[in-house]
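Peer 1: The structure's right below; bear with me while I get my questions together.
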Amino acid sequence: SGSTSPFPQIYEQTIDDKEVVVIQVFPGGHKPFFIASEGTQKGVYIRVGAHTRRAEGELLNELLLNRSRLSYDEEIIDTLPIDKLDLNILPSHLQTEKAMLSLGLIKHNPFTGKLCPTRGGVLMLFENPERFIKEAFCIISKMSGREGYDTIESHDISGCIPKQSLHVINLLKEWLGIYYEVDGPHLKNRALKLPLIAIREAVNNALFHRQYSIQGPIKIALFTNRLEIFSPGHFSGPFIPESLGDGTSYIRNSVISQTARRLNLIEKRGTGIKLIIESVHNYGLPHPLFEEGSNWFKVSLFL
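If you count by my numbering, then the sequence shown holds residues 29 to 331, one letter each, in order.
What follows is the structure, given as structure tokens:
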């Protein structure tokens, strides 16, 4: 929309024994808003940290797509027969046509009526999603130091998202290994150098919530002092570092997220970042670092 008519709610509230006036402005319903003189292609702007920048390319396309209430992973791919999907990834009660329609893994083509997989269905159930969604894979690397000049080992992890998740997490478990503490004459087993729940949530958040409309792999790097997980696309909601982990949930990939929850691959909505923060604190490790750039989001877990 090129014009706005906000309807603020104004009320009094007591905070720390003081009466304050609160002005709450609710989000508009016809996003994205744009500067009328510049039009939709050049007049849409977003905030990235402390900066304002023009929304362009895939980011603008995603904002325009959200106007129609259709997420990228809900779009159909009509060139792949649904019998090419690997239903064994799903439990038997979710393998029915009715269940898959409900999850959005398949949809009827609105023009032909033919059942087709959605992008989400392809990403979750097809053995080679890169055939239709470019660079939908992970690069995972083990580095020799803190700066990443020398790579000890690196792998491209492809396949459907559930298999990528399993492969990446197993590799990280192997690389992080088990370490021990001296407890008098005994060695005390402390398991992994990072809590498994933090590893799992950080990896799966990247796989399930990244912006698949942007070409580029997820990049995971294990340094001697930290684990970094770099995802294409901005954070799926407003990026306010001090509010991360407060339980607020923003869904970018509705099909993928719904299916992942039914497969118990992610926790209930809005708990992922909270679990990461709590688990590393309980392990006695530093607070994780969450960073957003112009078209990327990165999580750093410190050893």
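We treat Cβ as the ideally placed atom computed from N, Cα and C, and that holds for glycine.
On the three-pair Cβ rule with 8 Å, is the region 231 to 241 touching the region 249 to 268?
Peer 2: The answer is yes - the region 249 to 268 touches the region 231 to 241, with three or more Cβ pairs under 8 Å.
Peer 1: For Leu108, collect the residues of the same chain with a Cβ closer than 6 Å to its Cβ; drop the 5 residues on either side in sequence, then sort them by chain order.
Peer 2: Here the set comprises Pro145.
Peer 1: What residues in its chain sit with their C-beta under 7 Å from that of Asp184, if we drop five residues either side in the sequence?
Peer 2: Only Phe165 and Ile167 meet the Cβ criterion.
Peer 1: Within 10 angstroms of the Cβ of Phe62, are there 16 or more other Cβ atoms? Answer buried if so, exposed if not.
Peer 2: Phe62 should be labelled buried.
Peer 1: Would you say the region 133 to 149 touches the region 315 to 331, given that touching needs at least three Cβ pairs under 8 Å?
Peer 2: Judged by Cβ distances under 8 Å, the region 133 to 149 makes no contact with the region 315 to 331, as fewer than three pairs qualify.
Peer 1: Using a Cβ-Cβ cutoff of less than 6 Å, which residues in the same chain neighbour Val150 once the five nearest sequence positions on both sides are dropped?
Peer 2: So the qualifying residues of the chain are Ile105, Pro157 and Phe160.
Peer 1: Hey, quick one: how far does the beta strand (DSSP E) through Arg289 stretch, first residue to last?
Peer 2: Where Arg289 is concerned, there is no enclosing beta strand (DSSP E), although the alpha helix (DSSP H) it sits in stretches over Ser282 to Arg290.
Peer 1: Using only the alpha-carbon positions, how far apart do Leu329 and Ser65 sit?
Peer 2: Each residue's alpha carbon lies about 44 Å from the other.
Peer 1: Is it buried or exposed, Gly176, if we count other Cβ atoms within 10 angstroms and call 16 or more buried?
Peer 2: So Gly176 counts as exposed.
Peer 1: Checking contacts by CB at 8 Å: is Asp101 closer than that to chain B?
Peer 2: This model lacks chain B altogether; it includes just one protein chain.
Peer 1: Report the CB separation of Tyr100 from Arg147 in whole angstroms; it is logged as a contact under 8 Å.
Peer 2: Correct: roughly 6 Å between the Cβ atoms.
Peer 1: Based on the DSSP output, what are the partners of Glu181 in its beta bridges?
Peer 2: According to DSSP, Glu181 bridges with Lys170.
Peer 1: Going by the beta-carbon positions, is the gap between Glu163 and Gly244 smaller than 8 Å?
Peer 2: It is a contact, given that the beta carbons lie within the stated cut-off.
Peer 1: Can you check DSSP and say which residues form a bridge with Lys46?
Peer 2: In DSSP, Lys46 forms a bridge with Ile43.
Peer 1: Between the alpha carbons of Ser264 and Lys59, how many angstroms are there, rounded?
Peer 2: Rounded to the nearest angstrom, the two C-alpha atoms are 15 Å apart.
Peer 1: Which runs of the alpha helix (DSSP H) fall wholly inside the region 115 to 142 and span at least 4 residues, in chain order?
Peer 2: With a minimum length of 4 residues, the continuous alpha helix (DSSP H) runs that stay inside the region 115 to 142 are 125 to 131.
Peer 1: Within 10 angstroms of the Cβ of Val327, are there 16 or more other Cβ atoms? Answer buried if so, exposed if not.
Peer 2: Looking at its Cβ environment, which holds 16 or more other Cβ atoms inside 10 Å, Val327 is buried.
Peer 1: Hey, Leu331 and Asn253 are a contact pair by Cβ (cut 8 Å); roughly how many whole angstroms apart?
Peer 2: Rounded, the Cβ-Cβ distance is 5 Å, consistent with contact.
Peer 1: Nearest CA to the CA of Ile110: which residue from Leu98, Ile304 and Glu125?
Peer 2: When each option's Cα is compared against that of Ile110, the closest is Glu125.
Peer 1: When you compare only the Cα positions, how much space is there between Asp114 and Cys188?
Peer 2: Approximately 9 Å, taken between the alpha carbons.
Peer 1: What span of residues does the beta strand (DSSP E) with Lys359 cover, start to end?
Peer 2: Absent from the model: residue 359. The displayed extent of the chain is 29 to 331, so no value can be given.
Peer 1: Which of the three DSSP states is assigned to Arg75 in this structure?
Peer 2: In this structure, Arg75 counts as strand in the three-state DSSP scheme.
Peer 1: Could you give the first and the last residue of the continuous beta strand (DSSP E) run that contains Leu250?
Peer 2: Here the beta strand (DSSP E) through Leu250 covers Ile246 to Leu250.
Peer 1: On the CB-based measure, 16 or more other CB atoms within 10 Å of its CB, does Ile38 come out buried or exposed?
Peer 2: Ile38 is exposed by the Cβ-count criterion.
Peer 1: Give the DSSP-derived three-state secondary structure of Phe318 in the structure shown.
Peer 2: Correct three-state label for Phe318: strand.
Peer 1: Drop a sphere of 10 angstroms on the beta-carbon of Ser182, count the other beta-carbons inside from all chains shown, and report buried for 16 or more, exposed for fewer.
Peer 2: Ser182 comes out exposed.
Peer 1: To the nearest angstrom, how far is it from the Cα of Phe251 to the Cα of Ser172?
Peer 2: If you take the alpha carbons of Phe251 and Ser172, they lie about 7 Å apart.
Peer 1: Could you pull out every residue in the same chain whose Cβ sits closer than 8 Å to the Cβ of Lys221, ignoring the five residues on either side in sequence?
Peer 2: The answer, listed in chain order, is Leu204, Gly205, Tyr207 and Leu331.
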